[in-house]
Amino acid sequence: MEDNGISYGEEEEQESLVLFQEEEEKEGQAGWFSGVEEHWEDLEYKLEEELAGGGRKGNKDASGGIQDKSSFSMERLEHCLDNINNIQAMKHNDRIYSSVLQKNLKELNDIAKEKELVVQKTRDNLSACRLRMEMLAKQLQHVDIEIEKEEAAGNVAGSSRLQAARRRVCAQLEKEKDSELEIALTLKQDMLEMWKIETEQGKYETLREQLGTDEEELETRYQERAKARIQNEKIVALQAEENQRSGEKKEEETQKEHEERQKKMLEDAKRNREKAVCFLRKSMARIHEENAKEEERAREHMERRIQAVLSLKTSIASSREKLRTLQAWKRAKALAAREQEVRMGEAVLAGGGNVAKEILLHKQSLEHEKQQQACRELQKSRKMEIVSRILQEKASIHKQKKSQSRTKAMKSARKLEDPGVWRRRAWRYIEQTCSHSAGAAPQKSWCSPSACSSAAERSPSVGEVSEITPYDVLWERVEDEKEKDKTLAEPEFPGLWSQEHDLSKISKEETDLKKLSTRTEKKEIFHKQIVSGQEYKERTFYSKPSCIHFKDFDVGQIYKKKIVLINASYSVNSCRLVGISEWLKDFISICFEPPGKVCAGMSCEVLVTFKPMINETLEGEVMFMAQTGSFSVPLKCTAKRCILALDKELIDFGSHVVGETISRTITLTNSGALATRFRVQPSAGDSSTGRATAKSSPGTLGTQGVSACVPEKKVSTGLVAPGLEEEEQICPERSEAATGGAGQGEPGGAETGPSGTDTDQPDQNVRNSISALDTENAQNLVELSPEETSVEIMLGKVTEGEIGPLSSVKLEVVFVPTIPGAVRAEFVIVFDNSDCKPLCFSAVGVSVDVPVWVPDPNVDLKICMYDRLYQDCIVVHSRAKVTLRLKFEVCKELSKHMELLPKTGYVQAQSSFSVQLKFLPRHSLPEDAGSYFNGETRVLEAPVTILLVDKAKKVNLTVHAIVTTSDLEISPAQIDFGYCTIYEAVQANVMLTNKSILPQEFGFVGLPEFIEIQPNDGFGILLPLESLTLDVIFKANKAKEYSFELTCKSEMNRQFKLSCKAVGVHPPLELSHSLVQFAATALNAVSTATLYVLNSHVSVNPFTRAVPRIGSGDAAPVGPASFEFHVPEDCPVTIAPSVGTVLPGEKSLIQVSFRPTLSDQLIREEAARRLCRAAATEAEIQKSKKDEKRERKKLNNSVSRLQPSRQLVRDGDSSEQPKSQELKPDSDAYMAAQAFLMRNFSGRFDKFIIPCFVASGHADEKQGSEKLSCSPYNTLYLELHCPAVAPCVVVTSDNGKNTVNFGDVAVGQSVRKRVTIQNISPEKLQLGFSVLNPRGPFLLVRSVRMLEPGENKTLIISFCPNDDKWSCEMLDIQTAKTNLTLRIAGHGVMPSTVCSVEDVLDMGYVMAREKVTSTFKIQNTSTLTLRYSIQLDSLSPTRDKDQQRIPAFIMSSSQRTEFVGTQNYNGLSVFSIFPTEGEIVAGKSQDFTVTFSPDHESLYYSDRLRFVLFGKQAAHVLCLKGAARDRPMFVEGGVPLDVPVESLAVILPTSSQDALKEELQGPVKSILLVLEYMDGEGSAEPATTELKVGAIQTAQFASKKSVEFSFDNLPLLRQKGFAIDSVKGTVECGQVKRIGVSWVPPADFRADDPLLVTALLTLKGDVNESYQIIFMARVVSAYPPTE
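By my numbering, the letter at position 118 of the sequence shown is numbered 199, and the numbering carries on one by one without gaps.
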């Protein structure tokens, strides 16, 4: 049987090998064709490149080179075709034979090697077994010898022991012999198999040799191909060199062409420059000629102005006499009025009345009459003004009508004769208008030529005086009158002006720009902005700057300013330019390009250009229109002007002796941008003083002081000094003629030049104004001759000059007392600029007639301190011609503090004498000095008297001094530092105050070593009355009680004491670092620092080392000491361990971690704001949608029906916003707010002081140090500096979470997650990563090394747990500045399932070509969802490879590993499972249905089912079994006698006759029943076994419902001792009948000869089947064999 099986297996193997070779040949041919096609395509591509490269190499080469290249290409093509033929032959041999043979030979060699190894092992085992047998034999001989010795000696016990040992040795020897036989048999089998393999190798030896030769040939061809490739590379390199040389030639040619073009360009430039220089010379000559003409015109104009000034001067000189007479008359009238008052007072007093009351009533009545007269004059002037305005408006309307008629006439002509003439006339008109030409209606404001300007806007103010026509404009009047007939209303180009339009019919609303813009706004639809549920009503655009201000401009220049409009609203907006104020259109131009939609916070620019044509201040606004409404930017243009002021208005010289000369200065400041000339002259209004006189130069004009009777009125006069402005005083006695003359003119605030009025053709109004002015000035001027009084107060050298812009001038006033008594002088400063009012100031002084005098009557000792001596020298001069005796006295109050030495002295005639003044202020000065000392200002003014003993006259001096103290105040005066450990410093603040008004230097000297004072180590300078905070730092060097004083010395060598006390504490523990400074840590990152808690207390001997104690108390005991750190709740610092115990002489490691985070409240507030904005935006969108719907319905609905709907919309908008406390940390809004704050984080610096309490004894980590008693004085303090900065890198995935949580993952499964990071810094970042645990479950699969600013990149992290536990690691993403820490966590879960079927799922018997199903259940008992798949070994992709091994039926049953049994002929799987893959939720179960569908009869259908989790781990393995019959009956039981694996040979179909013969023949199947009878003591039980007879339920044989069975040869069975329970019977369909067989050995049974008996079992159904039952019985001993 075995030989047949082996030969059959060899034939099958050869056949399969031939088939495999044929398949490989086909595949090789297909692969060869594909390889040839690919190679051909590669060659075609290379040839195309070479041909193209050859075509590109040299376009300038000769045709001979092209022919060489083409021949070279043909050679290359032929060589490539030869290579293709060789490659085809090589591939035909290699891909068919080489690959197949190499693979099979390799497998055969491997099998041979394995078999040789098995044989070698078997031989080794056999030799070892034989060696053991020899040793046992020797041992047996030795035991026999010992037994003989013991028996000879009569030792029964030893003999019995040796007998037992001999039995054991014999038993072992028998076992070794049995094993030797088994090993020898196995060796023979292995040798046989090895010989077969060697024969197979011999068959393929020639193929192996052929394969070797083919490989050698292939290697040689590869070498040839390599050489050919090297040759080709050399050729390509040569071609590349040729290309490079040709490229260099081209570059040289292009360089030469470039140089030639450059030379040509230079020559052209030189020629153009020569031409331009020629043209420029001509232009400059023309410009010089024009400048010369302009200078000639200016010189002529200046001569005319000089003539006008001279004529004005002569007219003023002629009217001066009249003015003098008027002033004398006025003075006489004032004297008469004063006499009248005196007489009236006497009359009232004689009548017994109240004089003061009557005089007051009289004055009030006179004042009332003046006011009524002024009111009448004002009414009269206003009436005249109204009439003049009406006449002006009529004239302007008539002029406009006339201009319109001319425009029509011009339109018919279609074209102007000369546009340049009209343009010149327009400019001349503008210049005349800017210069205020003298028209019929003079105005203050410049008259714009725009036709839209109304007459009312250009009307002058009421309270202004009539205008005097400028003299520099009058000379152009003749030329202007000639051109009056030509109007400027006729445009250069015909347009809208040609249309007829009556200006009188234009409504006022249409001319007003603001009303026009308002009317436009009504037509526009403005969009309301809703912010936080409320309408945003603030200004939507802000300008920067807020006001457009052109300051200090010059006429004719052009100024530009740029403003920025910023969108201050909360949404997108747009704006456009509406216009500017009407009166600014001729001067202001706006350049503004509408930017379109402007986002919130963005801006746009506006350029404003100002070209001034008049020298006046202008104000207006620039108007814009936005989506939310109109807004405007104010505009202001300020002309240059003078702003003049004096630093004081009164100069007090004090008392001086006759003959001295004293000078004082007064400062005149011009804070404006316009320069002007000034003149200082005495005022004529100081006649009220006793003898005030003024000195003025000849020909100087005086001005009268300002009277307070009526308001001032300015009149510009053309005096010799240009711009001289005089003030007019209106008196009640003013003549009617003068009043009328002054009131006829109109105010004219226009700025005049330095020229006077024109004398050729003066206007009548101008003449009247000048005559009235002369009359008034004649009344105000006073002519005083020098003989009347002498001048004592006079001006210095500077009396007139020019003061520039933003400058100042010092004016000197000199006082020379000549006559005893008080003197007062009034001065006035007049300016050329008519807009500047005159400035007045006064000077007073007192003259004393004493023969001696002191140059400085005021002795200033400056600032003096108490108890310090100050000296000064006083010089006394004598103007007497004799010797005088002087006595020096100090007031009694100051006699203790001040002294003059000598007290008496003599001064020679016309000489001087010196006196020494000593001043030593005591602390009692404020009480002694009395009124001479001011306690608040601390100013001392001490009078000193110099007496002339003989003449009883005295000279008074005043000693001035500011007396201050030199005290320094220390607050507090005593410092108690309290308890301080030796490991820290305690700081206390003291306030050092300088009570003096002088700066003082100070310093703390003699400081002990444990004291430090900062800043500057306790030294410095205190300014007057300054207070300085000093830090007094105390650091105890040992444990004791401290009491000491600190000394502060001043520069006056004064000492100030500061008392201090403290208690030094030596705690049992100490910190290695008291200050921890963390590096700048990014948000959510972690910075870690380490320190130690030390216990150095090992001995209580105070002489060896310092022992822990509090002050001078008892020493702490030696032993363990415990500590506990108390970290505040809101502190982002963690300390581990926070509680611990340190043994003596040891230390404990402490880890301090700083992890800055954003405040939860801050995040919630930001999230709430973002939600509010989103809700407002959504509400606005909804409202806009509803508004659109409402607009659609607006045509059909009335306005009254729209109001309720608007109310509904308003109610809908006012929805409650979410509160910040209701937000969850895992919500999107919370995460978005956190990410926003993190990106905009600006950094912060926190400082924390963590206390560490210390106690003696052991502390529990759970309960802390609660049970231990600790002293608060032993507390240690840890200071932490924690800077937090914004991270450079942030996580953008998963809402910015820094935690990567894998969750529950099955053990052995690998899960990947992606983490996206972004660089939010403006710099390029190079990243580094910390190393994860190499043996841990986490792995960084893909990292990132570089991040550009704003770039996003993704990290990939995998998690593959190995154990059922939680895993957590930290991954640090390192940058140059900060680190980003990712927390990676995951839970490894061991998947566990329970299957309802244990190992084998038997499908039973089924009819062939029918199906049967069975169900089993698998339950998921783990905590995660399991992903499963069902795999069958019969569908395994490696099954074909496994089938190439030696068939399973050849090997022994112990070596069989096949689980796949008989399969269907149709190729379909016998067993099918549903479902094949899916997921099982945690705690749930899944039902699986197995379908068994055989297509032919076999009893050995089998397969193996694998329940695989996550595609890797097989959780359950089930063996599927089943049997199929062609007949609906079967017998099962006994020992199988056939092969369990079906043959691969195809069974040819038999004919019907052969089948009939087989059916009629005897039993074709045999069943072996083995019964073993146990022979032992007691009642022996019979040996039993059973058979199963079954009927398969099927639809094919529905007529036959049951199966009958029967045994024959029963008597023989009974004779041999066999008993059968059921000899015959019936089995219903779908049932199985169990037939029990028992055996008891008969009396004549021999135990050494097994019993074999056969019987025939017949089954009757649709057909009859017979089974030969072989009964084999034997007796087995129940006892083990004895040795």
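Note that beta-carbon positions come from the ideal geometry of N, C-alpha and C, so glycine has one too.
Short check: CB of residue i to CB of residue j, under 7 Å?
{"i": "residue 1002", "j": "residue 1016", "result": "no"}
{"i": "residue 56", "j": "residue 1486", "result": "The structure shown has nothing for residue 56, since the chain only spans 82 to 1764."}
{"i": "residue 1482", "j": "residue 1465", "result": "no"}
{"i": "residue 1669", "j": "residue 1746", "result": "no"}
{"i": "residue 1547", "j": "residue 1576", "result": "yes"}
{"i": "residue 1702", "j": "residue 1716", "result": "yes"}
{"i": "residue 1848", "j": "residue 1593", "result": "This structure leaves residue 1848 out entirely; the chain is present only between 82 and 1764."}
{"i": "residue 646", "j": "residue 685", "result": "yes"}
{"i": "residue 1385", "j": "residue 1468", "result": "yes"}
{"i": "residue 1181", "j": "residue 1188", "result": "yes"}
Comparing C-alpha positions only, which one of the options sits nearest to residue i?
{"i": "residue 933", "options": "740, 274, 265 and 1361", "result": "740"}
{"i": "residue 260", "options": "649, 204 and 243", "result": "204"}
{"i": "residue 36", "options": "942, 1272 and 694", "result": "As displayed, the chain neither begins before 82 nor continues past 1764, which places residue 36 out of reach and without an answer."}
{"i": "residue 1198", "options": "460, 1150, 992 and 1605", "result": "1150"}
{"i": "residue 1720", "options": "1710, 1741, 1714 and 1753", "result": "1753"}
{"i": "residue 1209", "options": "945, 1332, 692 and 991", "result": "1332"}
{"i": "residue 650", "options": "681, 671 and 1393", "result": "681"}
Residue i to residue j, Cα distance in whole Å?
{"i": "residue 738", "j": "residue 917", "result": "39 Å"}
{"i": "residue 639", "j": "residue 915", "result": "26 Å"}
{"i": "residue 392", "j": "residue 398", "result": "10 Å"}
{"i": "residue 1215", "j": "residue 1411", "result": "22 Å"}
{"i": "residue 413", "j": "residue 762", "result": "25 Å"}
{"i": "residue 1583", "j": "residue 1607", "result": "18 Å"}
{"i": "residue 1490", "j": "residue 1541", "result": "19 Å"}
{"i": "residue 1574", "j": "residue 1498", "result": "21 Å"}
{"i": "residue 1672", "j": "residue 276", "result": "49 Å"}
{"i": "residue 109", "j": "residue 270", "result": "Residue placement at residue 109 is poorly supported in this model, since its pLDDT is 46, which falls under 50; the coordinates are not used for a value here."}
{"i": "residue 1572", "j": "residue 1556", "result": "11 Å"}
{"i": "residue 1383", "j": "residue 1450", "result": "12 Å"}
{"i": "residue 474", "j": "residue 746", "result": "56 Å"}
Quick one: is residue i near chain E, going by C-beta distance under 7 Å?
{"i": "residue 216", "result": "Of the protein chains in the structure, only one exists, and it is not chain E."}
So, do the region 938-952 and the region 915-929 have three or more beta carbon pairs nearer to each other than 8 Å? Result no; under three Cβ-Cβ pairs closer than 8 Å.
Just list the alpha helix (DSSP H) runs in the region 424-491, keeping only unbroken ones of 4 residues or longer that don't cross its boundaries, in chain order. none
Determine contact between the region 1259-1278 and the region 1210-1223, defined as no fewer than three beta-carbon pairs at a distance below 8 Å. no
Is it true that the region 1588-1596 meets the region 1644-1653, where meeting means three or more beta-carbon pairs spaced less than 8 Å apart? no
Is the region 1242-1254 touching the region 1305-1317, taking contact as three or more C-beta pairs under 8 Å? yes
Considering only residues of the region 1140-1204, which uninterrupted beta strand (DSSP E) runs meet the minimum length of 3 residues and lie entirely inside it, listed in chain order? 1156-1158 and 1168-1175
Taking contact to mean at least 3 C-beta pairs separated by less than 8 Å, is the region 1428-1447 in contact with the region 1141-1148? no
In chain order, each beta strand (DSSP E) run of at least 3 residues that lies wholly inside the region 633-695: With a minimum length of 3 residues, the continuous beta strand (DSSP E) runs that stay inside the region 633-695 are 640-648, 656-661, 669-672 and 684-691.
Are the region 1680-1700 and the region 1735-1743 in contact at 8 Å, needing three or more beta carbon pairs? yes
Complete runs of the alpha helix (DSSP H) confined to the region 1658-1713 [at least 4 residues]: 1691-1696
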